[in-house]
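Quick notes on the structure that follows.
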């Protein structure tokens, strides 16, 4: 199946940075002289495999062994590395991480000492072959990089340095966290937030690769920072960067050691109320439908690399309550946990002018239960249009539709009116879920519309005859096995007997599931696993061992098969609402005799933190900042109110980088657009800090959320990179207009 490890491309690009500009960043700290490389040299001397060669820069000392010879640039092909380029690149990463994002202050091991960069595989007879790893050891900041990683693994190197600097902020004397679940770092920084942050920083530094979304796209219902999200949780940090700026992302790591989870830290750092926080989280969910962030084209390209089996049917399949009346519910086990969300695909009715959805939550989840919902329409070109976000316990959302709309989605985030403490180690059983029902007018739930024909299974797979789930071409699945409509059994997996694969569970390639075993919810069964007997694997568990008994619902890398009953959540029975209680103008009439039945719901009652209780009644979300939730509508004749200057700031044979400075006029701006005509021998290949559109040589760049608003006379910048075929790149004249 698709990668669940670190490092491979699956989604991209955060807010990249001007490599040629940030290198000039001068560290403003208490040092009075240059940093020392003595501790790095002393550390490598203990390898006792021959004298080390070295080269130094302002913040790093690069060390390599005798196998590479004295001149690293002239070494044999396997060991050859350009030391000047590598150190220059590391300095640029350092400038971004410490200077721009501010993930740490220059403290502890980086206050007076240089970071040791040790090229592995260059010493004789030494099993020292790390690819790209970073840590703090004995007060020394240490990077271990293989020569090939230095040449071809830029993203991995950038991530390793991110881990080093995150470690400096958390435990400057070591041992440092590994940027993953199960660490001993305090507060939020010991959760999978560490992996998301390292991935975010690396993708900002090296947009050629990105943090993997594989572990997130089928687990968005889980609480954000769930251990299962791993690197995939970085898109929320992208949203924070677009909304609040890169410095806010840095503060989340630097100052977030006291909150129970990173979302609570964001609420404090951004100065948000609980209601405003819910709106921000719902905005993030809306934008994830089309990966609508500041560098969307690249992000979409990398997101498309996720295994198609895992994205065959995006979102959560609903269960019918009274399908004649377009009344459905989200399966209780897959209902969104706090700060998680559900994505429901809708099919607009032919000729409908609008889609309206009534969402009613089951307040049995707790006295402070609340939801925030909105609609997203996606046109034939993949552009998104957003409806208003509305929060409460019984709410109605609406969005006009048009002939170009190819898809419509309902997004529902669990946004309780009180925050609840969350221990990431508790996983699925320790996090309340917030079930809800919906009734639709002007559309129907996807798959329930009259005459629906399911598309062919993507990725060479097939839909299983018993349940309709995706089964790989080379998987072995007995006819009596149940594979639910959103479950996945990968190639070379075996599922036999009376086993069941339910919910959004995945059985990975090479895994064996048999007997009466059940795999359900968001669980993943890894390649080495062999399951049988009556074992149950569910929740957010991810297992890779042999087991035939017990219940396992929790993501825990140290978990083993113990045959125990597991940590079962409380399961109050939920009776579906009578359709008449979900009255909605334009919705079909209920069927004559709907017969809803109770269903168990794994919904533990949360323990609220001692904060005042707002009234959980329907409410509009607060007015967003200039980026809003939707993209600015085009204005036929924008009014001039700003100026722009495009400058070439760095160039090399065939390529260049440019900086565009936008300055407001005498009146404040809420958004802006810069336009220019490209010289015929130049092409813009990437932009950051702006949304780029090109039509031949005509080029336009629109502001994004975090840089849209400018006070009179204030300035902001965005960056470009491109290629040229002439003698040298030329900076064209640029014009700026107010875009709304």
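In our numbering, the protein residues as written are 1 to 740. Heads up, the beta-carbon is just placed ideally off N, CA and C, and yes, glycines get one too.
Enclosing alpha helix (DSSP H) for residue 348 [first to last residue]: That residue, residue 348, is in no alpha helix (DSSP H); its beta strand (DSSP E) goes 341-348.
Among 651, 586, 534 and 358, the one whose alpha carbon lies nearest that of residue 561: Distance from the Cα of residue 561 is smallest, within the candidate group 651, 586, 534 and 358, for 534.
Same chain only: Cβ atoms within 6 Å of residue 57, ignoring 5 sequence neighbours per side: Hits under 6 Å: 87 and 91.
Cα-Cα separation, residue 252 to residue 162: Computed Cα separation, rounded: 14 Å.
Integer-rounded CB distance, given that residue 316 should sit under 8 Å from residue 741: Outside the shown range of the chain, which is 1 to 740, sits residue 741, and nothing can be said about it.
C-beta contact flag for residue 286 and residue 415 at 8 Å: It is not a contact, given that the beta carbons lie outside the stated cut-off.
Boundaries (first-last residue) of the alpha helix (DSSP H) holding residue 147: Residues 147-152.
Residue 538 and residue 556 closer than 8 Å at C-beta: Not in contact: residue 538 and residue 556 (Cβ atoms no closer than 8 Å).
Close-in-space but distant-in-sequence residues of the same chain around residue 679 (CB under 7 Å, 5 per side omitted): 730 and 732, listed in sequence order.
Test item: CB-CB of residue 93 and residue 158 under 8 Å: Yes, they are a contact pair.
Local Cβ density within 10 Å of residue 604, reported as buried at 16 or more and exposed below that: Confidence at residue 604 is low in this model, with a pLDDT of 39, below 50, so its placement is unreliable and no value can be given for it.
Start and end residues, alpha helix (DSSP H) containing residue 240: Taken as a continuous stretch (DSSP letters only), the alpha helix (DSSP H) holding residue 240 covers 234-244.
Among 154, 435 and 423, nearest to residue 336 - alpha-carbon criterion: Per the Cα distances, 435.
Reference residue 709, options 719, 664 and 695, closest by Cα: For residue 709, the nearest C-alpha among the options comes from 664.
Under the three-state DSSP convention, the category residue 7 falls into: For residue 7, the pLDDT reaches just 31, beneath the cut-off of 50, and the residue's location in the model is therefore unreliable, leaving the point undetermined.
Residue 91 beta carbon near the ligand HEM (any heavy atom closer than 7 Å): This structure simply doesn't include the ligand HEM, nor any ligand for that matter.
Min CB distance residue 106 to chain D below 8 Å: Of the protein chains in this structure there is only one, and it is not chain D.
Residue 383 versus residue 693: straight-line alpha-carbon distance, rounded: Here the alpha carbons of residue 693 and residue 383 stand approximately 13 Å from one another.
Residue 1, buried or exposed, once every other Cβ within 10 Å from all chains shown has been counted against 16: Reliability of the predicted coordinates at residue 1 is poor, the pLDDT of 41 falling under 50, and no value is obtained from them.
Cβ neighbours of residue 69 in the same chain (closer than 6 Å, five flanking residues each side left out): Once the five neighbours on either side are set aside, the close Cβ partners of residue 69 are 75.
Whole-angstrom C-beta distance between residue 326 and residue 437, which should lie under 8 Å: The distance from the Cβ of residue 437 to that of residue 326 is about 11 Å, inconsistent with a contact at the 8 Å cut-off.
Cβ-Cβ distance between residue 97 and residue 142 below 8 Å: No, the pair does not count as a contact, with Cβ atoms beyond the cut-off.
Residue environment, residue 199, which counts as buried when at least 16 other CB atoms sit within 10 Å: So residue 199 ends up on the buried side.
Cβ separation of residue 641 and residue 721, assumed to be a contact under 8 Å, to the nearest whole Å: Cβ-Cβ separation between residue 641 and residue 721: approximately 28 Å, too far for a contact (criterion under 8 Å).
Straight-line Cα distance separating residue 390 from residue 612: Note that residue 612 scores 37 on pLDDT, short of 50, meaning its location in the model is unreliable and no value can be drawn from it.
Closest Cα partner of residue 590 within the set 536, 440, 681 and 662: A check of alpha carbon separations from residue 590 across 536, 440, 681 and 662 identifies 440 as the nearest.
Exposure label - residue 738; buried when at least 16 CB within 10 Å: The residue is buried, with at least 16 neighbouring Cβ atoms inside 10 Å.
Residue 777 (DSSP reduced to helix, strand or coil): The structure shown does not extend to residue 777, since the chain spans only 1 to 740, so no value can be given for it.
Boundaries of the beta strand (DSSP E) in which residue 320 is found, first to last residue: From DSSP, the beta strand (DSSP E) with residue 320 extends over 319-322.
Cβ separation of residue 67 and residue 124, assumed to be a contact under 8 Å, to the nearest whole Å: Yes, residue 67 and residue 124 are in contact; Cβ-Cβ is about 6 Å, under 8 Å.
Residue environment, residue 698, which counts as buried when at least 16 other CB atoms sit within 10 Å: Exposed is the call here.
Check whether residue 331 and residue 448 have beta carbons under 8 Å apart: Not closer than 8 Å, so no.
Three-state class that DSSP yields for residue 379 in the structure shown: Here residue 379 sits in strand by DSSP.
Close-in-space but distant-in-sequence residues of the same chain around residue 223 (CB under 7 Å, 5 per side omitted): Around residue 223: 337, 338, 339, 340, 422 and 431.
Beta-carbon gap between residue 306 and residue 237 smaller than 8 Å: No, the pair does not count as a contact, with Cβ atoms beyond the cut-off.
Residues bridged to residue 749 (per DSSP): Past the boundaries of the shown model lies residue 749; the chain is included only from 1 to 740, so the question cannot be answered.
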